[in-house]
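Each residue of the sequence shown is one higher than the last, beginning at 1 in my numbering.
I have placed the structure first, in the form of structure tokens, so that the comments after it can refer back to it.
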Amino acid sequence: MKTAIKLENISKLYGNLTALQEVNLQIFEGEVFSLLGPNGSGKTTLLRIMAGIEEPTSGEMCFNSVKVDQANINDLRLKTTMVFQKTALFNTSVYKNIAYGLTLRKRSKKETDEKVKEVLKTVQLEDYTRRPAKKLSGGEQQRVALARALALDTEVLLLDEPTANIDPKNVSIIEETLSWVNKEKKTTMVIATHNMFQTETLAKRAALLLEGRIVKVGAPQEIFTLPSKLLASYARLENVFSGVSKVTGEGTSLVDVGDGVQIETAFEKTGNTTVFVRPEDIILSLNPIVSSARNSFEGRIVEISDLGAIVRLRIKAGRDFTVQITKRSFNDMQLNIDSKVFLAFKASSVQTV
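Take a look at the structure:
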């Protein structure tokens, strides 16, 4: 398999701060590769080095088997493009935002028109050509940013948290778009994310990055089965629990994850196991929940993260659970730190790795 990007002993220092430390990594041509890690782990810095935006303090990078240096760095920049986490769109129409890069590359008006139309269809924004880009929703703006990058037809697409803090509908469209582009155009993609579920959906290989070092490279399932203490240090791997599983005899299992918490699952498994539950699969209420859900717990809110239309809550219910609800639900329930709440989720919502 041909290597698109090769990093050898890459380190990056900002004064006394070490952002990356001796990173060694190969990205293969045509693959979707995920960089997993919490905020501050070095993901963005690594992407910026791959894009030729920043130089490493030490180490060497090769692009298509050629060492990158000042003599050929523009070639790297022409063949890679990066979609940033914080969307920076011009205060003009969607069309002009997407056409900007094509104009810089001296594409004809006809070519530009055709390409803008094509990429807007790809991100399902066909009728948005004349709309003011700055007035779109956050998710729609991110889709415009993605379309702008796709219009350049580069060999490598680098994405920094492409679906962070946007609504589920736009997340789904972006993920579908990335899968389609990789499959149809064989575009090499490196996606920096804290979302392990997205990694499992999109990537064949991943690297876990902690404190500027690569801890593990492998299939997503290999990353998720690392020792639980190591996963626990990854702050955004929410609702990951390790424990001992026992079969109930009713087609389910009970996993004892400690602190008096047992999680019922829809699979039968005996012995040590690791399970996780998506924050959006957990139902939250101010009163005990009467439903068919096999898992029900009482707890108190210990942390609140306001993400715009969505609020993420950390709830102490024996173990810590992360729950995602809409801002409207949060306001309707008048929740605050130390509010008593009840959470529930189905056995079928519990997944294993």
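Here a beta-carbon is modelled for each residue, glycine too, at the ideal position from N, C-alpha and C.
Since the model is a prediction, treat every value here as computed from it, not as a measurement.
So, is residue i buried or exposed, given that buried needs 16 or more other C-beta atoms within 10 angstroms?
i       : result
Asp-306 : exposed
Glu-238 : buried
Asn-170 : buried
Val-144 : buried
Ala-71  : exposed
Lys-115 : buried
Met-1   : exposed
Val-290 : exposed
Ser-172 : exposed
Ile-337 : exposed
Leu-335 : buried
Gly-139 : buried
Leu-17  : exposed
Gln-141 : buried
Ser-108 : exposed
Rounded to whole angstroms, what is the Cα-Cα separation between residue i and residue j?
i       : j       : result
Leu-78  : Val-277 : 41 Å
Ile-10  : Thr-81  : 20 Å
Ala-164 : Lys-269 : 34 Å
Thr-188 : Val-156 : 5 Å
Arg-205 : Gly-299 : 37 Å
Gly-260 : Arg-294 : 16 Å
Thr-248 : Glu-22  : 48 Å
Arg-236 : Gly-37  : For Arg-236, the pLDDT reaches just 46, beneath the cut-off of 50, and the residue's location in the model is therefore unreliable, although a value from the coordinates is still provided. If you take the alpha carbons of Arg-236 and Gly-37, they lie about 8 Å apart.
Asn-97  : Asp-160 : 19 Å
Leu-208 : Thr-273 : 20 Å
Glu-60  : Phe-90  : 34 Å
Lys-359 : Leu-313 : The structure shown does not extend to residue 359, since the chain spans only 1 to 353, so no value can be given for it.
Lys-316 : Thr-252 : 25 Å
Leu-343 : Thr-193 : 27 Å
Ala-309 : Thr-326 : 6 Å
Leu-286 : Met-333 : 7 Å
Ser-348 : Leu-254 : 13 Å
Thr-44  : Lys-6   : 17 Å
Lys-135 : Arg-48  : 28 Å
Lys-346 : Ile-191 : 31 Å
Leu-210 : Ser-58  : 19 Å
Leu-158 : Glu-222 : 23 Å
Gln-351 : Asn-195 : 15 Å
Lys-110 : Val-119 : 14 Å
Asp-153 : Ala-51  : 15 Å
Using DSSP bridges, identify the partner residues of residue i.
i       : result
Lys-6   : Gln-26 and Cys-62
Gly-258 : Val-261
Gln-324 : Arg-312
Met-189 : Val-32 and Leu-157
Leu-13  : Thr-18
Asp-306 : Val-311
Phe-276 : Val-240 and Gln-351
Give a yes or no on whether 7 Å exceeds the smallest Cβ distance from residue i to chain B.
i       : result
Arg-328 : Reference to chain B is not applicable here, since this structure consists of a single protein chain.
task: Kindly confirm or deny that the region 24 to 36 and the region 201 to 216 touch, where touching means at least three C-beta pairs closer than 8 Å.
output: yes
- prompt: Do the region 102 to 113 and the region 57 to 76 meet, that is, are 3 or more Cβ pairs less than 8 Å apart?
  reply: no
field: 4 or more residues per run - each alpha helix (DSSP H) lying fully within the region 124 to 168
entry: 138 to 150
task: Jot down the residue ranges of each uninterrupted alpha helix (DSSP H) in the region 68 to 134, minimum 4 residues, whole runs only, in chain order.
output: 73 to 79, 94 to 104 and 109 to 122
task: Give a yes or no on contact between the region 112 to 129 and the region 171 to 186, applying the rule of three or more CB pairs nearer than 8 Å.
output: Verdict: yes, contact present.
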